[in-house]
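See structure below.
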Amino acid sequence: MEITLSTGKRVGVREKKGQHHFIERRLMATSMGEGGQNLGAFMGIVTIAAIVSIESIDGEKVSTPVNESEIYELMDRFTYEEWAEFEMKIRTPEDKTKLEEAAKNLLNSPGSANA
Numbered sequence: 086m087e088i089t090l091s092t093g094k095r096v097g098v099r100e101k102k103g104q105h106h107f108i109e110r111r112l113m114a115t116s117m118g119e120g121g122q123n124l125g126a127f128m129g130i131v132t133i134a135a136i137v138s139i140e141s142i143d144g145e146k147v148s149t150p151v152n153e154s155e156i157y158e159l160m161d162r163f164t165y166e167e168w169a170e171f172e173m174k175i176r177t178p179e180d181k182t183k184l185e186e187a188a189k190n191l192l193n194s195p196g197s198a199n200a
């Protein structure tokens with residue numbers, strides 16, 4: 086699958102296999118630490134999943150990042166707006182549902198006037 090961003094940048098999306106699950110978990114642990122179940126942690130999970138899904142940029146194959154330095158190098162190939170657009174396009178319906186639930190739980194946290 087390939088996603089074309091509004092800037093014309095083409096991002097090839099890989100078919101994830103078992104090792105990608107391991108890489109995602111490892112990157113989440115090293116880059117987010119003890120994130121917990123909150124909106125920020127979930128956003129980080131979505132970002133890591135999007136990073137690992139990238140197979141190519143404008144037809145050029147890219148390696149799957151395995152550490153924070155390689156994450157930064159890969160993300161440096163996107164403008165802020167391009168990255169935001171890519172993340173929106175790559176999200177699954179399940180991701181969107183989890184994000185909405187996390188936002189709702191944040192709004193209705195214990196002690197909140199919204200509860």
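Residue numbers for the sequence shown follow my numbering, beginning at 86 and rising by one.
Each residue gets a CB set at the ideal place from its N, CA and C atoms; glycine is no exception.
Coarse secondary structure for residue i, derived from DSSP in three states
i: Val151; result: coil
i: Ser141; result: strand
i: Phe107; result: helix
i: Phe37; result: What is shown of the chain runs 86 to 200, which leaves residue 37 out entirely.
Best match in the options for proximity to residue i [C-alpha to C-alpha]
i: Tyr157; options: Ile108, Ile133, Arg99; result: Ile133
i: His106; options: Thr89, Gly93, Ala135, Thr92; result: Ala135
i: Glu140; options: Met160, Met113, Gly129; result: Met160
i: Tyr165; options: Lys101, Thr92, Ser148; result: Thr92
i: Glu179; options: Val131, Arg95, Val96, Asp143; result: Val131
Bridge-paired residues (DSSP) for residue i
i: Thr92; result: According to DSSP, Thr92 bridges with nothing at all.
i: Val98; result: Ile139
i: Lys146; result: Ser141
i: Glu214; result: Past the edges of the chain, shown from 86 to 200, lies residue 214, and the structure says nothing about it.
Buried/exposed call for residue i, threshold 16 Cβ in 10 Å
i: Val151; result: exposed
i: Met86; result: exposed
i: Ser138; result: buried
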